[in-house]
Amino acid sequence: MTTVDAGWVSCDVAIVGGGLVGASLALALASLPLTVVVIEAVPPEDPTQPSFDAKTTALSNGSARILAGLGVWDEIARDATAIRQIHVSDRGHFGSALIDAKEQGLAALGFVAENRRIGAALWRRLQGMPRLQVRSPATVSAVTSHPEYVSLTLQEAKGVSQVRARLVVAADGAQSLVRQASGVEATRVDYQQTAVIAKVLPERRQDAIAYERFTAEGPIAMLPAPEGRVVVVWTLTPEAAARVMALPDAVFLASLQTAFGWRLGRLVSVAERHAYPLALTQASASSAARVAIIGNAAQGLHPIAGQGFNLGLRDAATLADVLADACLEASTETVDAGSEALLQRFAAWRTRDRRLLIGFTDGLVRLFASPFAPIRALRALGLVLFDLSPIAKSALSKLSSGFAGRLPRLARGVALTRPPDQKASVP
Ligand SMILES: Cc1cc2nc3c(=O)[nH]c(=O)nc-3n(C[C@H](O)[C@H](O)[C@H](O)COP(=O)(O)OP(=O)(O)OC[C@H]3O[C@@H](n4cnc5c(N)ncnc54)[C@H](O)[C@@H]3O)c2cc1C
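Sequential numbering of the sequence shown, starting at 22, is according to our numbering.
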């Protein structure tokens, strides 16, 4: 095969990965006086696109606010379903808990949206943004660090080319090439669990209620979807998941019914199923020389608490905030988007939120995976106590809403071009 050298371009920021988190960052940066290149291996309309796939995402109120700041929330909200109550129960035990938006003084606890819809909205808005170049399909195959810039090698249909950037953002998912090439190590804990996802039509329509049911085989989440359907996220051992994936529809529905119970009446029909092996990936740092690491490249979480994208979106909003400060402090010509000081500010700001959410999610997985009878009994008691404690519910609701800790401008509903001390109301 002939290799064509298609030349090189230089920019302030190169984002590797235009998935959920990378595309969100690109939109955030579009309001700043920075030249940005987004490099994505698989275009959004491709059925094999790994980020905008068959999954649905539970979006926190904080994420909805960030997406509104990016100008895409109205389009996403058209097909999203609000969650106003979350019912948590433990099969075979008396304990259960209800978290209600009204009790928390909120209109909704969050929203459920299809990844494909979120991706379509983000990419539609990316088109035609000044100072932003989208390269897709284009795969980054090598990363070379220099004192003044980082050089990326791109494989495209037209040949091999180079992008030189003052700052490279690793938004290329849990297996991040950029993270590895930058010398940042990552740990991976295989949970030995697989999530089976399917859209199911139940007999009883219960709009706006999400269910989280813990069973001996693993947790089952039922998230509200349009037209009275629910999205099932059924976590099982890899062997059980393989069995469940192979079942005919009627047998699949009967097995799910036995595991979940009859709270939604009879489970009538099911659409296609998808399986995702689950692991916790954790980068040892949020940055390296001229590299920022965000989204799944920084931390890939178990979906038990539905927080992976919400956390990654806050990575993106925070990086955009730090870059906005740098643009306000310096004239455009002198902004060094990849300076050591800027990256240190970003990494320090992200430490607490990352640690809290990783610990919370991993703790939940371990607590509810435990087969030991005393722990299961304590867990049931914990649910009862939790249900009786408005303080515990309020703390959990705050943590999962994305409004805890120090918030970047976009999460406060403030434009990035405003000075950093500009305050906005936070519910
Ligand atoms: C079953 C399941 C359910 C989930 N539910 C929720 C939920 O309810 N709420 C929630 O907040 N989160 C949820 N998550 C987590 C969420 O899906 C992820 O956190 C999110 O997809 C991370 O997005 P990302 O853009 O960082 O990475 P990815 O989605 O992995 O995207 C990475 C992108 O980079 C591109 N790429 C990779 N390598 C290269 C390269 N070398 N060159 C160019 N491009 C490249 C890929 O093509 C891809 O588009 C769930 C996850 C799973 C598995």
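Idealized CB from N, CA, C, for every residue including glycine.
Between residue i and residue j, how many whole angstroms is the CB-CB distance? I'm expecting something under 8 Å.
i: I104; j: P245; result: 6 Å
i: I315; j: F281; result: About 35 Å separates the two Cβ atoms, so there is no contact after all.
i: V59; j: L143; result: Their Cβ separation, rounded to whole angstroms, is 10 Å, which puts V59 and L143 out of contact at 8 Å.
i: V184; j: V312; result: Not confirmed; about 14 Å, so no contact.
i: V37; j: A192; result: 6 Å
i: T77; j: V252; result: 5 Å
i: N317; j: G194; result: 5 Å
i: L130; j: I139; result: Rounded, the Cβ-Cβ distance is 18 Å, inconsistent with contact.
i: A345; j: L88; result: Wrong, their Cβ atoms sit about 17 Å apart, outside the cutoff.
i: P223; j: L285; result: 4 Å
i: R86; j: G359; result: Not a contact, Cβ separation roughly 28 Å.
i: Q106; j: A122; result: 7 Å
i: Q328; j: T256; result: 15 Å between Cβ atoms; not a contact.
i: P429; j: T339; result: 5 Å
i: A3; j: A337; result: Since the first residue shown for the chain is 22 and the last is 448, residue 3 is missing from the structure and cannot be characterised.
i: S415; j: Q214; result: Not quite, the Cβ-Cβ distance comes to about 30 Å (not below 8 Å), so this is no contact.
i: V181; j: A216; result: 37 Å between Cβ atoms; not a contact.
i: R112; j: R250; result: 22 Å between Cβ atoms; not a contact.
i: A368; j: L431; result: That belief does not hold up - the Cβ atoms of A368 and L431 are roughly 19 Å apart, past 8 Å.
i: A347; j: L363; result: 5 Å
What do you reckon, is the C-beta of residue i under 7 Å from a heavy atom of ligand 1?
i: V161; result: yes
i: A202; result: no
i: L91; result: no
i: S72; result: yes
i: Q328; result: yes
i: K179; result: no
i: E61; result: yes
i: A262; result: no
i: V37; result: yes
i: T339; result: no
i: N82; result: no
i: A79; result: yes
i: A129; result: no
i: K419; result: no
i: I218; result: yes
i: A310; result: no
i: R170; result: In the sequence as presented, Arg is not what sits at residue 170; that position holds Tyr. The answer is no for Y170.
i: A122; result: no
i: Y212; result: no
i: L288; result: no
i: A432; result: no
i: A246; result: no
i: V254; result: yes
i: Y232; result: no
i: D193; result: yes
i: G316; result: yes
i: V537; result: The question about residue 537 has no answer, for the chain in this structure spans 22 to 448.
i: P68; result: no
i: P259; result: no
i: P324; result: yes
i: G333; result: yes
i: L301; result: no
Can you check which of these residues, the options, is closest to residue i by C-alpha distance?
i: A202; options: D336, V190, G28 and Y212; result: V190
i: E177; options: V205, T160 and G204; result: T160
i: R376; options: A306, A337, P324 and L41; result: A306
i: K179; options: P158, E361 and A163; result: P158
i: T302; options: L322, P65, V289 and V291; result: L322
i: R137; options: V356, A237, T256 and T69; result: T69
i: P71; options: A296, A362 and V254; result: A296
i: A98; options: A141, A62, T279 and A231; result: A141
i: S162; options: Y232, P168, A207 and T174; result: T174
i: C32; options: A49, R264, S172 and S418; result: S172
i: T165; options: L340, R373, A310 and L420; result: A310
i: P361; options: V272, E248 and V343; result: Residue identity check: residue 361 is Glu in the sequence provided, not Pro. Comparing Cα positions, the closest option is V343.
i: R209; options: G239, L299 and V254; result: L299
i: E293; options: V272, T279, A304 and M266; result: M266
i: K220; options: E238, A229, N331 and M243; result: M243
i: L349; options: A432, V57, A436 and L46; result: A436
i: D228; options: A101, S422, R187 and F424; result: A101
i: T355; options: P324, D270 and L55; result: L55
i: A326; options: G423, S197 and A237; result: G423
i: P259; options: E238, A47 and A271; result: E238
Does the CB of residue i have a neighbour CB from chain D at under 8 Å?
i: D228; result: In summary, chain D is missing from the structure at hand, where a single protein chain is found.
Task: Every unbroken beta strand (DSSP E) within the segment 294-369, with a cutoff of 3 residues, ordered by chain - done: 312-314
Open item on the list: Quick check on the DSSP output: what are the complete alpha helix (DSSP H) runs of length 4 or more inside the segment 64-134, in order along the chain?
Closed with: 82-90 and 94-99
Open item on the list: List, from N- to C-terminal side, the beta strand (DSSP E) runs of 3 residues or more that fit wholly inside the segment 239-296.
Closed with: 241-245 and 251-257
Task: 3 or more residues per run - each beta strand (DSSP E) lying fully within the segment 140-164 - done: 153-156
Task: Ranges of the alpha helix (DSSP H) found wholly within the segment 206-243, counting only runs of at least 4 - done: none
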